[in-house]
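I have placed the structure first, in the form of structure tokens, so that the comments after it can refer back to it.
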Amino acid sequence: MIADEAHSSQTGSSASKLKALLAAAGEAVEAEDGGISAEAMLDAAVASRRPSERISYYAFTATPKAKTLELFGRPPDPDLPASADNTPEPFHLYSMRQAIEEGFILDVLRNYVTYATAWKLAHPDGEEQEVDSKKASRTLAKWVRLHPYNIAQRVEVIVEHYRDNVRHLLDGQAKAMVVTASRQEAVRYQLAMRQYIEQHGYGDVHPMVAFSGSVLPDEVIPEEVTETSRLLNPGLKGRDLAEAFDTDDFNVMIAANKFQTGFDQPKLCAMYVDKKLQGVDCVQTLSRLNRLFDGKQTFILDFYNDEQEILDAFAPYYQKAELADVSDPQVVIDLQRSLDASGIYHWPEVEGFAKTFFDPKAPASSLSYHCRPAQDRFKYRYQAILEQLQTWKEARRVAEQNGDDKGLKRAEQELKDAGTTRDELDLFRKNLQSFVRTYEFLSQIVTFDDPELEQLCVFARHLYPLLRIDRLLEEEAIDVSELELTHYRLTKREEKRLRLEEAEGDYGLQPVSEVGSGKPFDPEKQRLAEIIDRLNDLYGAEVSDDDKLHFFRGMAGRLSKDKSLMAQVISHSEDQAMHGLLPSRFTETVMDTMTDNEKMAIPLLEDEEMAAKACRIIFQMLVQGHRVAEG
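Numbering-wise, the sequence shown is residues 11 to 641 according to the numbering used here.
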């Protein structure tokens, strides 16, 4: 089997099916009536997952994930099992570094510019509205990103940079791509860019927008649109977007999750990034610029990401992508036990489903019959806990109004207990999907030979989409109708070459481990005004200090890699952490950043009180980052 691009599609169910087809293992035994029994089909499914000496795999990739290396890689010592000391590795390596040095691809990080955005918000009724803090933060940040003024400022930077630095390259054929975070954002960018070009009378910038599906009208977009709408791409005239972009009719592409991977356009010289990029997606997206063309220079302007984050994404693939360890098969068993213990399904239901699933004569409609009991149990439990949460929220409100401390204390405890129960139900649903993905991947590496795992896999795959919690939840709307953007500033930091050869750190690819052990985020209710103040402190405060966010994110990013420090941070309170490793590590990191951030670093070294406050901010950022990483 030759995979011209080894990626996630070779580590899941489609790869398992292909392997079963090629292996033709575990021939099914005919029943007395000449048919094939469900038991024989189950045995064949289990057998098909065993390693086969009949199949050879050849896979090519520039950006292997940990799963790809585990599946296709070969242990240095083939006589020993894969382990942390015998991690699978590529049969052959032609590194990014070698390809750049030998002139086969370009170094896309040679000209890299980051921009800092500072802003302040105001809301007249913020004190009265209590909301989920995480959801509110996302909503407010999205509101700022989509704000016409924010997009207009970025459009001005993009168009003027393209005209001054890019347009003339390649004898006037140079092209650019704008990477956005959503379809709605991409459409608003296109409308704003066309308006800016028209207002300034520019006849040398011709943008197109690329996205899948459609975008509904809003306060800026006048009608429902697709990428072929005349409102957006009037010059397309029925042509394929990639082909049209290769002509002189278009030279700037605004993309939303499209053309960011596998798009081969050698005349692409500049990329303007307004989206979070990380890991393999970051490397694949920015590498659209690495194709050769006579006289080509590349530019990246990044409105969103920190330069260290970009280096961290590229570093694993610059010389040799290596596994930090190998996946632990026990993860599958632990997930099975966790799912069994929930009581949402009963094992006879799983067996009944599997028997029907593997019976060639059984109608597909009968599968839902075996899932219905588990589906109903989950639904009834979820509805009951939502009702409890609503009841005790009201009890808390009444207790607060009446000054009933005893009643308030009980309501808070009941809310906490009910929240824990809801978290357990959310985790069950999440673990169903985790079990299927993990088993389908690891069973290609490890021989489980366990029919129960195979039965649970097919059952869980069908049950997961039936547990529709979105139909049970009444989404709490965050009112942004009266939100105001009171301050805004977009500032260029500096242009530099990001040097991958100088990247330091442990860049080993992490294998599957402890899947499903994380806990769902427990919504923290805060008044909207408090959240706006916190965001203003982070992004705005003294708006002129536009490097603040960049500086603190960089600090937190460095410190989060210190395993000893993080062990203290996640297991101690803020006050306790201030008596541990954090203050000394904080000071060391401040000193390390003096060269690039002297304006920010020196006050922290000279003012102990200011340093202590900053250290506590870093603590909160580390805790928040850990929660997000844990899912």
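Beta carbons are placed, not taken as given, at the ideal position from N, Cα and C, and that holds for glycine.
Whose C-beta lies closer than 8 Å to the C-beta of residue i among residues of the same chain, with five residues either side of it excluded?
i	result
Asp316	Thr124, His560, Arg563, Gly564 and Gly567
Gln346	Phe445, Glu462, Leu463 and Leu466
Gln329	Ser105, Met106 and Arg107
Tyr392	Arg432, Leu435, Ile479 and Leu482
Leu493	Leu131, Ala132, His133, Leu150 and Trp153
Leu495	Trp129, Lys130, Leu131, Val154, His157, Tyr159 and Asn160
Thr190	Ala196, Tyr199, Ile264, Ala265, Ala266, Asp284 and Lys285
Gly413	none
Give me the DSSP bridge partner(s) of residue i.
i	result
Glu505	Val123
Tyr498	Trp129
Ser570	None; Ser570 has no bridge partner.
Met263	Met187 and Met218
Ala69	Ala13
What span of residues does the alpha helix (DSSP H) with residue i cover, start to end?
i	result
Met588	Unbroken run through Met588: none, as it is neither H nor E.
Asp427	Asp415 to Leu452
Thr78	Ala76 to Phe82
Phe388	Leu377 to Asn412
Val342	Gln340 to Ala351
Leu180	Leu179 to Gly182
Pro217	Taken as a continuous stretch (DSSP letters only), Pro217 belongs to no alpha helix (DSSP H), being part of the beta strand (DSSP E) at Pro217 to Ala220.
Ala470	Pro461 to Leu473
Phe255	Leu251 to Phe255
Tyr199	Arg193 to His210
Glu317	Glu317 to Tyr328
Gly289	Gly289 to Leu296
Quick check: is the beta carbon of residue i nearer than 9 Å to any beta carbon in chain C?
i	result
Asn267	Annotation note: the requested chain C is absent from the structure, which comprises a single protein chain.
Might you give, ordered along the chain, the residues of its own chain that have their beta carbon closer than 7 Å to the beta carbon of residue i, omitting 5 neighbours on each side?
i	result
Tyr406	Sequence inspection shows Arg at residue 406; the Tyr mentioned does not correspond to that position. If we look at Arg406 and ignore the five residues flanking it on each side, its Cβ neighbours are Leu418, Ala421, Glu422 and Leu425.
Ser352	Phe438
My output table needs one value for residue i: the three-state DSSP class, helix, strand or coil.
i	result
Val553	Residue placement at Val553 is flagged as unreliable, the pLDDT there being 36, under the threshold of 50; a coordinate-derived value is accordingly withheld.
His636	helix
Ile628	helix
Val303	Correcting the residue type first, residue 303 is Phe in the shown sequence and not Val. Residue state, collapsed to three classes: coil.
Ile231	coil
Glu112	coil
Ala334	coil
Val99	A small fix is needed here, since residue 99 is Glu in this sequence, not Val. Strand.
Ser93	strand
Ile580	helix
Val118	coil
Val360	helix
Leu519	strand
Val225	strand
Pro373	coil
Thr149	helix
His157	coil
Phe596	helix
Phe458	coil
Ile479	helix
Tyr642	The structure shown does not extend to residue 642, since the chain spans only 11 to 641, so no value can be given for it.
Given 8 Å as the limit, tell me if residue i has its C-beta closer than that to any heavy atom belonging to the ligand NAD.
i	result
Asp250	The ligand NAD is not among the ligands present in this structure, which contains no ligands whatsoever.
For residue i, report the span of its beta strand (DSSP E) as first-last.
i	result
Asp284	Leu278 to Asp284
Thr190	Lys185 to Thr190
Met11	Premise fails: Met11 is in no beta strand (DSSP E) and is neither H nor E.
Phe309	Phe309 to Asp312
With a threshold of 6 Å on Cβ separation, who are the neighbours of residue i within its own chain once the five nearest residues in sequence on each side are excluded?
i	result
Glu233	Pro227
Is the segment 89-109 touching the segment 334-342, taking contact as three or more C-beta pairs under 8 Å?
yes
Taking 8 Å as the threshold, find out whether the segment 181-193 comes into contact with the segment 254-273 through three or more Cβ pairs.
Taking 8 Å as the limit for Cβ pairs, the verdict is that the segment 254-273 does touch the segment 181-193.
Specify whether the segment 280-296 and the segment 311-330 touch according to this definition: at least 3 beta carbon pairs, one from each stretch, less than 8 Å apart.
Because the criterion of three Cβ pairs below 8 Å is met, the segment 280-296 and the segment 311-330 touch.
Three CB pairs or more closer than 8 Å across the segment 374-389 and the segment 467-478
Yes: at least three Cβ pairs fall under 8 Å.
Between the segment 114-133 and the segment 294-313, do three or more beta carbon pairs fall short of 8 Å?
yes
On the three-pair Cβ rule with 8 Å, is the segment 271-282 touching the segment 295-303?
yes
Is the segment 192-212 in contact with the segment 155-166, if contact means three or more CB pairs nearer than 8 Å?
yes
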